[in-house]
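As structure tokens, the structure follows; a few thoughts come after it.
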């Protein structure tokens, strides 16, 4: 009998930014990739449109992490700030998302995001009546999302 193959779970993952593993993200949203369909018709064609492939659009990657006070706690904000003052060409980074098995030991899937840079930084709202963890959000534009495993 063939071994059972279950779908990959989405709750264990690692994020690498320029080959440096970053832990502590509570969510990583990988947006969709779409290819536009372009209508086309020549004068001698039958009276209906043909479809040609158009531009490929890569959606943004959204990272959410609990705000901390460790040595690297300002790294995501500083990356966004550098881009906001015009240093975008020096601050594009490659990112890999490794989806792990339930034990966290074996890589099950890997997504590679190329030429990513921050387009949005959002620290948590504050509330004197709350007791939630502060979550900072970083949204990344990119020029390619590829599943390599």
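Numbering (UniProt numbering), first residue to last: 1 to 149. The beta-carbon is built from N, C-alpha and C at its ideal position, and this holds for glycine as well.
With 16 other Cβ atoms within 10 Å as the buried cut-off, status of residue i
i: residue 37; result: exposed
i: residue 55; result: exposed
i: residue 72; result: exposed
i: residue 150; result: Because the chain in this structure spans residues 1 to 149, residue 150 falls outside the shown range and cannot be described.
i: residue 8; result: exposed
i: residue 118; result: buried
Inter-residue spacing [alpha-carbon to alpha-carbon] between residue i and residue j
i: residue 114; j: residue 95; result: 6 Å
i: residue 68; j: residue 53; result: 45 Å
i: residue 39; j: residue 46; result: 13 Å
i: residue 93; j: residue 48; result: 44 Å
i: residue 132; j: residue 122; result: 16 Å
i: residue 65; j: residue 32; result: 21 Å
i: residue 88; j: residue 128; result: 37 Å
i: residue 97; j: residue 34; result: 20 Å
i: residue 116; j: residue 81; result: 14 Å
i: residue 145; j: residue 58; result: 7 Å
Residue from the options with nearest C-alpha to residue i
i: residue 16; options: 119, 28, 56, 10; result: 28
i: residue 120; options: 63, 14, 25; result: 63
i: residue 134; options: 26, 9, 7; result: 26
i: residue 142; options: 112, 122, 98; result: 112
i: residue 11; options: 60, 104, 86, 2; result: 104
Residue i (DSSP reduced to helix, strand or coil)
i: residue 131; result: coil
i: residue 5; result: coil
i: residue 57; result: strand
i: residue 64; result: strand
i: residue 120; result: strand
i: residue 10; result: coil
Proximity test, residue i beta-carbon vs the ligand ZN heavy atom, cut-off 7 Å
i: residue 83; result: Because no ligand of any kind appears in the structure shown, any question about the ligand ZN cannot be addressed here.
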